[in-house]
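Reviewing the structure listed below.
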Amino acid sequence: MLFGLVYINYLYHILHSELKSKRIDIILVVVLFGFQFLLSSKLILTTLIFISVLITTVYFRMTGIKKKNIWISIGAVLGVLLLLSISTFTKKRFREITDYKQIESVFNKNYFGRAYYWNGLTLRLFQLRSFYEIEKDSDFNSYLGSGFNASQSRLNAKYAHYDLYRGPTGEGENDGYFIYNFHNQYAQLLVELGVFGGILIVLMLYFFVLHPIIHRNILLFGVGILFLAFAFTESYLLRQKGIVSFILFPMFSIHLFKSDKRFNTT
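Using numbering that gives the first Met the number 0, you'd call the opening residue of the sequence shown number 0 and step up by one each time.
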């Protein structure tokens, strides 16, 4: 996510800066995007492409560049994506996440065993299934939640119930899949903070979507969409780096946007 956040801010800076020579900056942006591609996070990669096209299109419209050039730029991006999509590596990665029988089994099987194969998508879907079952447990208070950073024991109970991999020793709850949290910030907030977690999610949606649209802050909108998308795959607010990024980059985006006198219309 960090590469993606830096990439978005740097892309905006290049488009809106008054520097005559931008070759080095463009190379750095391409390198940052390349790092993100190598990380193989398909959701984040797709989100970054959407944000890149959006920021570039808005910039072209505000600077009066002809629509023909806009469509040429979008076509070039789509052409590169097409070339990437036909590679053997990409096909293999997407074939794994489109195995619908395996996806269906995640929600229907009553036993998996320690040798069951999990990829990134199926494991996260299983964690969502566990989230739903925890919310339905009679001894769980959905309104108050389990308390901040206190949901791992309940999730581990689901791992144990379905007999997921426990690591080389096969004992304890500090190895294998038993060290994984929900890998979903929305589920993590709802399980741990209950109604208050739901309020935080609504505030995130307002600040990252509605607020940027009202104030026409395309940079904050892009950063916010990336945070919201990343929340589907990681519980980043449980990590110090995630909390710092969550605070720093939106503030930096607001400052950078307000300092751009040519395009700040608020």
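Even for Gly, the Cβ is constructed at its ideal location relative to N, Cα and C. In this text the structure is predicted, and so the values were computed from the model without any measurement.
query: beta-carbon G223 near the ligand HEM non-hydrogen atom, thresh 6 Å; result: The ligand content of the structure shown is nil, which means the ligand HEM is not present either.
query: H160 versus V194: straight-line alpha-carbon distance, rounded; result: 27 Å
query: Nearest-angstrom Cβ-Cβ length linking F111 and L163, presumed shorter than 8 Å; result: 6 Å
query: Collapsed DSSP secondary structure at D24 in the structure displayed; result: helix
query: Where the alpha helix (DSSP H) containing R60 begins and where it ends; result: K41 to T62
query: Unbroken alpha helix (DSSP H) run spanning K257, endpoints; result: Q239 to S258
query: Sufficient close CB pairs (3 or more, under 8 Å) joining the region 103–122 to the region 138–151; result: no
query: Reference L244, options F229, F256, K257 and S258, closest by Cα; result: In the sequence on display, residue 244 carries Ser and not Leu. Nearest of F229, F256, K257 and S258 to S244, Cα basis: F229.
query: Residues near A156 by beta carbon distance below 7 Å, same chain, minus five either side; result: none
query: Nearest-angstrom Cβ-Cβ length linking L225 and I7, presumed shorter than 8 Å; result: 6 Å
query: Per-residue DSSP class, three states only, for S16; result: coil
query: Spatial distance of Q35 from S137 (CA atoms); result: 42 Å
query: Pair within 7 Å by beta-carbon distance, Y58 and L14; result: yes
query: Stretch pair the region 172–190 + the region 126–136: three plus CB contacts closer than 8 Å; result: yes
query: Euclidean distance between Cα positions of G196 and H182; result: 16 Å
query: Counted within 10 angstroms of its Cβ, other Cβ atoms place S16 as buried (16 or more) or exposed; result: exposed
query: Proximity of I50 and G221 at Cβ, strictly below 7 Å; result: yes
query: Whole-angstrom C-beta distance between F248 and L4, which should lie under 8 Å; result: 5 Å
query: Close Cβ partners of S145 (< 7 Å) along its chain, the five nearest in sequence each way excluded; result: R153, V190 and E191
query: Residues of its chain near I242, where Cβ-Cβ distance is below 7 Å and the 5 sequence neighbours each way are ignored; result: L236
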